[in-house]
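Position one of the sequence shown corresponds to residue 453 (our numbering), numbered consecutively onward.
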Amino acid sequence: MPKKALAMSLVKTKPALAIRMSAFYSGGSDMNDQRKGSDTEPTTHFGYKNVPESQKAEKVAEVFHSVAAKYDLMNDLLSGGMHRLWKRFAIELSGVRTGNRVLDIAGGTGDLTRKFSNLVGPTGHVVLADINASMLKVGRDRLLDLGISGNVEFVQADAEKLPFPDNHFDCVTIAFGLRNVTHKEDAIRSMLRVLKPGGRLLVLEFSKPTNKLMSKAYDAYSFAFMPFMGKLVTNDSESYRYLAESIRMHPDQETLKSMMVEAGFDRVTYHNMTSGIVALHRGIKP
453 MPKKALAMSL VKTKPALAIR MSAFYSGGSD MNDQRKGSDT EPTTHFGYKN VPESQKAEKV
513 AEVFHSVAAK YDLMNDLLSG GMHRLWKRFA IELSGVRTGN RVLDIAGGTG DLTRKFSNLV
573 GPTGHVVLAD INASMLKVGR DRLLDLGISG NVEFVQADAE KLPFPDNHFD CVTIAFGLRN
633 VTHKEDAIRS MLRVLKPGGR LLVLEFSKPT NKLMSKAYDA YSFAFMPFMG KLVTNDSESY
693 RYLAESIRMH PDQETLKSMM VEAGFDRVTY HNMTSGIVAL HRGIKP
């Protein structure tokens, strides 16, 4: 059977493979609605620029629509393949096992979901959630090509208002996605809500280098090499300039740890990798 026909057949016979355009969760107090009700709309950062809060999600979406097709290739080129090691460590620390329910937020092209699907087995369930339809489609098609189907669901969802029941997941992960969220505190609280008591949140994200020499080298790399490679490979230097700027605007290791504690997580720890260029935060729901 031709590959295209096989994919269409799988989508028809396994509803979990279809992308669910979910209505975002609206229970409880909606901080976004409260902000919109104010006379003057607050601003937030989009890289180094200040933009109205209501515009950030759209601008971030434009970036990822642009880079989706070559996202995996650029990850390998820009990190020298290191992103695979960082993600492997996150999976090892997740404690995911057979029968678990896992939510992979900003799951993009499915690197973590693919591994989690194997770990949870046929009795478990993995949800790959992403706010960006282009990234979600790339992830779905990639996993279909790898033969991963029955225990995976794809949901277009906003991390700030996750459309899932309370106390539902054993583990929630967000890898290289939190820095793009407009209201990070709301997203962290939303992740806490959908976790079961004793469930784990893992945040894998670019962070702040732990020594000055590495920091200077990383700045030169980020603001010169990354946009150059973006232009060369994807004909889009601005998206990769935004990537460099968004990393600098993201909370440092201790600040993010405090945010998780304030949201209600217990036993919050973090691990620096590659001299703090990346950090993995882990918290437990009481």
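Note that the Cβ used here is the ideal one computed from N, Cα and C, for glycine as well.
With respect to the alpha helix (DSSP H) encompassing residue i, which residues constitute its N-terminal and C-terminal limits?
i             : result
threonine 565 : 563-572
glycine 591   : 585-597
arginine 700  : 689-701
lysine 522    : Counting along the chain, lysine 522 falls outside any alpha helix (DSSP H), and DSSP gives it neither H nor E.
glycine 682   : 678-686
arginine 540  : 534-546
threonine 634 : From DSSP, threonine 634 is part of no alpha helix (DSSP H); its letter is neither H nor E.
threonine 575 : Threonine 575 -> no alpha helix (DSSP H), and no H or E assigned at all.
serine 710    : 705-715
alanine 401   : Here the chain covers residues 453 to 738 and nothing more, so residue 401 does not appear.
Along the beta strand (DSSP E) that carries residue i, what are the first and last residues, could you check?
i                 : result
glycine 651       : 647-658
valine 607        : 604-608
phenylalanine 621 : 621-627
threonine 721     : 718-725
valine 554        : 553-557
Are there 16 or more other CB atoms within 10 angstroms of the CB of residue i, so buried, or fewer, so exposed?
i                 : result
glycine 650       : exposed
glutamate 612     : buried
lysine 737        : buried
glutamate 605     : buried
tyrosine 477      : Only weak support is given to the placement of tyrosine 477: the predicted model assigns it a pLDDT of 39, under 50, and the value that follows is read from those uncertain coordinates. Label assigned to tyrosine 477: buried.
lysine 668        : exposed
methionine 701    : exposed
aspartate 485     : Model confidence at aspartate 485 stands at a pLDDT of 46, short of 50, so the residue's coordinates are unreliable and nothing is read from them.
threonine 575     : exposed
serine 710        : exposed
phenylalanine 680 : exposed
leucine 732       : buried
glycine 489       : For glycine 489, the predicted structure reports a pLDDT of 46, less than 50, and the residue's modelled location is therefore unreliable. A value from the coordinates is still provided. Exposed is the call here.
leucine 525       : exposed
lysine 508        : buried
alanine 521       : exposed
leucine 402       : Because the chain here runs from 453 to 738, residue 402 falls outside it and cannot be looked at.
aspartate 610     : buried
arginine 410      : Limits of the chain in this structure are 453 at one end and 738 at the other, which puts residue 410 out of reach.
asparagine 502    : exposed
Would you list the residues sitting across from residue i in a DSSP beta bridge?
i           : result
glycine 735 : Leu653
leucine 580 : Asp556, Phe606
valine 730  : Phe658, Met725
Do residue i and residue j have their C-beta atoms closer together than 8 Å?
i                 : j                 : result
alanine 715       : leucine 644       : yes
arginine 734      : arginine 652      : yes
valine 579        : valine 607        : yes
asparagine 619    : lysine 648        : yes
alanine 542       : alanine 627       : yes
threonine 492     : threonine 634     : no
glycine 560       : aspartate 593     : no
lysine 539        : leucine 656       : yes
threonine 625     : leucine 564       : yes
glutamine 705     : asparagine 687    : no
glutamate 510     : proline 494       : no
glycine 629       : isoleucine 557    : yes
valine 515        : tyrosine 673      : no
phenylalanine 675 : valine 646        : no
valine 590        : phenylalanine 568 : no
arginine 566      : leucine 596       : no
valine 519        : serine 691        : yes
serine 601        : threonine 662     : no
leucine 614       : serine 642        : yes
Throw me the rounded Cβ distance for the residue i and residue j pair, which I believe falls under 8 Å.
i              : j            : result
methionine 678 : leucine 530  : 6 Å
valine 730     : cysteine 623 : Not confirmed; about 19 Å, so no contact.
Report yes or no: is there a C-beta of chain B within less than 8 Å of the C-beta of residue i?
i            : result
arginine 549 : Among the chains of the structure shown, chain B does not appear; only one protein chain is present.
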